[in-house]
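Novice:
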Amino acid sequence: MTVSDDASPGGDGVAIPLHDESVTIGKQRVERSRVRVTTRVSERETLVRERLDHEEATVTRVPIDREIDVHPDIRQEGDVTVIPLVEEVLVVERRLVLREELHIRKTHRTVEVEQPVILRSEQAAVERVATAPPSAAPGSPPNSTPVSTPEE
């Protein structure tokens, strides 16, 4: 067989087909290392100081026993709240009799208290654990090198 330089579809020459190469590129995840995160909780007791406000009310009953024409309103006399207690008494006619008043005095005091409380905090330890170097992926050609992409 003779190969001529003038191989054309209409000519007399013979064309020798050449092997055509192609490349296939793939990627796979490669584990380079691992990270282990461990946490622990620590407790500590501390003494908390805080001011607490207390309010107390003392009730004093003040007898009045006086006839009145209209129901009196609740009133404030300084730091004392006066609440009138009225009773209807049936006589031949109806009359309002103020039997007593409640005098309520509020006192305010602040005390310092201490109480132990437990506070917790959490710490995290991060350590990198190395892994074995990656081997060839199954089904890949023997001389191929896997391509890795860095993970962010």
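So this note's numbering is basically just the index in the sequence shown, starting at one, shifted up by 118.
Positions of the beta carbon are idealized from the N, C-alpha and C atoms, including for glycine.
1. From Glu245, Leu216, Leu214, Ser160, pick the residue whose C-alpha is nearest to that of Leu237; which is it?
2. Output needed for Glu78: all residues of its chain with C-beta closer than 6 Å, excluding positions within five of it in sequence on either side, in chain order.
3. Pick helix, strand or coil for Ile143, following the three-state DSSP scheme.
4. For Ser151 versus Thr228, is the C-beta distance shorter than 8 Å?
5. Helix, strand or coil for Ala243? Go by DSSP, reduced to three states.
6. DSSP three-state label for Ala133, please.
7. When you compare each of Val177, Asp191, Leu208 to Asp197 by their alpha carbons, which one comes out closest?
8. Are there 16 or more other CB atoms within 10 angstroms of the CB of Glu219, so buried, or fewer, so exposed?
9. If you reduce the DSSP assignment to three classes, tell me which class His60 lands in.
10. Nearest by alpha-carbon distance to Val166: which of Arg246, Val231, Glu173 is it?
11. Just reading off the beta strand (DSSP E) that Val339 is part of, what are its end residues?
12. Whole-angstrom Cβ separation of Val207 and Val215, contact assumed at under 8 Å?
13. Short check: CB of His226 to CB of Val204, under 8 Å?
14. Out of Ile134, Gly131, Arg213, Gln241, point me to the one whose CA is closest to Arg184's CA.
15. Thinking Val244 and Val153 are a contact (beta carbons under 8 Å), I'd like their distance in whole angstroms, please.
Specialist: Concretely, from the data shown:
1. Ser160
2. This structure leaves residue 78 out entirely; the chain is present only between 119 and 270.
3. coil
4. no
5. strand
6. coil
7. Val177
8. buried
9. With the chain covering 119 to 270 only, the question about residue 60 has no answer from this structure.
10. Val231
11. A query on residue 339 cannot be resolved here, the shown segment of the chain reaching from 119 to 270 and no further.
12. 5 Å
13. no
14. Arg213
15. 6 Å
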